[in-house]
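Numbering (this note's numbering), first residue to last: 778 to 1021. Every residue gets a Cβ at the ideal spot worked out from N, C-alpha and C, and that includes glycine. As the structure is a computational prediction, the values presented were derived from the model and not from experiment. Working notes, beginning with the structure itself.
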Ligand SMILES: Cc1cc2nc3c(=O)[nH]c(=O)nc-3n(C[C@H](O)[C@H](O)[C@H](O)COP(=O)(O)OP(=O)(O)OC[C@H]3O[C@@H](n4cnc5c(N)ncnc54)[C@H](O)[C@@H]3O)c2cc1C
């Protein structure tokens, strides 16, 4: 257990193609606030890295079945045999090292950009981030904390219960609940920069300050990253987890 006050490893995953975007400003604000507070921060700027979001055989140096591409089976084999491509292995190492994960992205058609969706699919792989039966409070990434930071074009009114888009919690549910929490992360309330292109410059400065504080506040909380006693897939075969 790492208690409050200790230094944390924080991974920021950023998915916006424009270096001058407000998403980048938010990432910089968190980076500066966290490093000033004594934490170590790594940034995966997915567009800048040229990350490929499309899943396929190029994810692997190993092959489970050359005749039929079953993605989770290929991920399981790669997890056992160190068979992920260099790009995926690098990102997985960053996730393993992180006590806190922060995802920063603009809302595009009510969801994360395909770039980030692809990162989730390819990096948080079967055998690495989850296996059969180990989910939520037994998820492989349990003991870590995560937070979503999203920018929107729409105003808060559009995201109210009566608004045309509905509550932001509903929109973020697939990433927050079926992604991060499924894998064991304890999640913070999302940080939402509503109507980022429409608000005043002062309002944006306020958002940057608030987000920096929120990132530092998360890093001040206890974490206890899970270290499996053996390979997670051995635990599946031994029936350590219920599949229900
Ligand atoms: C394909 C697509 C689908 C979309 N779907 C939706 C949707 O479903 N729902 C919805 O609500 N919106 C939607 N949008 C709008 C989108 O969510 C917003 O355009 C986006 O969230 C804005 O965030 P950004 O980081 O791209 O900001 P930007 O547009 O890059 O920046 C916003 C403003 O911040 C300024 N800025 C940059 N850096 C700083 C700084 N350091 N300090 C102060 N100001 C700064 C910029 O100059 C700009 O004026 C969609 C957009 C696209 C392209």
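Pull up the CB-CB distance for residue i and residue j, whole angstroms please, since I reckon it's below 8 Å.
| i | j | result |
| --- | --- | --- |
| residue 896 | residue 790 | 6 Å |
| residue 899 | residue 832 | 5 Å |
| residue 967 | residue 925 | 4 Å |
| residue 916 | residue 903 | The pair is not a contact, with the Cβ atoms about 12 Å apart (cut-off 8 Å). |
| residue 922 | residue 963 | 5 Å |
| residue 893 | residue 823 | 7 Å |
| residue 985 | residue 806 | 4 Å |
| residue 992 | residue 879 | 6 Å |
| residue 818 | residue 876 | With a Cβ gap of about 11 Å, residue 818 and residue 876 do not count as contacting. |
| residue 861 | residue 837 | 6 Å |
| residue 934 | residue 940 | 5 Å |
| residue 931 | residue 972 | 6 Å |
| residue 868 | residue 821 | 6 Å |
Within the continuous alpha helix (DSSP H) that includes residue i, where are the two ends?
| i | result |
| --- | --- |
| residue 800 | 799-813 |
| residue 872 | 863-874 |
| residue 850 | 848-858 |
| residue 783 | Note, residue 783: premise wrong, no alpha helix (DSSP H); not H, not E. |
| residue 1013 | 1009-1014 |
Going by alpha carbons, who is nearest to residue i out of the options?
| i | options | result |
| --- | --- | --- |
| residue 960 | 808, 872, 999, 1016 | 872 |
| residue 779 | 997, 949, 908 | 997 |
| residue 977 | 782, 795, 799, 787 | 799 |
| residue 990 | 889, 834, 1014, 808 | 808 |
| residue 848 | 835, 1013, 987 | 835 |
| residue 952 | 1020, 816, 890 | 890 |
| residue 1006 | 826, 947, 1017 | 1017 |
| residue 910 | 1010, 949, 795, 782 | 1010 |
| residue 928 | 881, 955, 905, 956 | 881 |
| residue 999 | 1008, 965, 920, 944 | 920 |
| residue 811 | 988, 1001, 869 | 988 |
| residue 781 | 1004, 995, 1019 | 995 |
| residue 864 | 936, 956, 826, 946 | 826 |
| residue 859 | 937, 841, 914, 1015 | 841 |
| residue 870 | 888, 796, 1015, 905 | 905 |
| residue 815 | 784, 795, 844, 852 | 784 |
Going by DSSP, name the residue or residues bridged to residue i.
| i | result |
| --- | --- |
| residue 926 | 881, 968 |
| residue 903 | 907 |
| residue 837 | 861 |
| residue 888 | 885 |
| residue 1000 | 779 |
| residue 1036 | Since the displayed the chain opens at 778 and closes at 1021, residue 1036 lies outside it and no answer follows. |
Span of the beta strand (DSSP E) holding residue i?
| i | result |
| --- | --- |
| residue 947 | Note, residue 947: premise wrong, no beta strand (DSSP E); alpha helix (DSSP H) at 945-952. |
| residue 818 | 817-822 |
| residue 787 | 786-791 |
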